[in-house]
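Take a look at the structure set out below.
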Amino acid sequence: MMVIPVSRCSVKLSWHSPLEDGGSAITRYIIDVILVRQPDILKQRIFVNSWQREHTVELPIDELCTLRVSAENIAGIGEALTLKNPIRLCARRGKLEDEM
């Protein structure tokens, strides 16, 4: 998974198709945005067409976020691919911070 800043409040998220599809074609991808300070609450869920491998996601400014992408097909939702390190879009500098 790769994240590239696009604007002050958005990033472009890109990913690869899963190696295993469970024997059925992927019908869509699910992108989840989770605030690190509230890990049990889903901040945003975005549904993306199966042929897309990238999407621009708006993020809350100055909030540490985790992003994850799951593939879905007739068998259900597959294991999520989670961004390795949480990220934060900073209003002051207008750039992406990668939190280690």
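In my numbering, each residue's number is its place in the sequence shown (first place is 1) plus 163. Each residue gets a CB set at the ideal place from its N, CA and C atoms; glycine is no exception. These figures come from a predicted structure and were not determined experimentally.
Under the 10 Å beta carbon count, Val174 is surrounded by 16 or more other beta carbons and is classified as buried.
In chain order, Val174 and Lys175 place their CB closer than 7 Å to the CB of Ile167, counting only its own chain and leaving out the 5 sequence neighbours on each side.
One thing to note: Val232 has its Cβ no nearer than 7 Å to the Cβ of Ile204. Rounded to whole angstroms, Ser213 and Leu244 show a C-alpha spacing of 15 Å.
In the DSSP assignment, Gly239 is bridged to Asn236.
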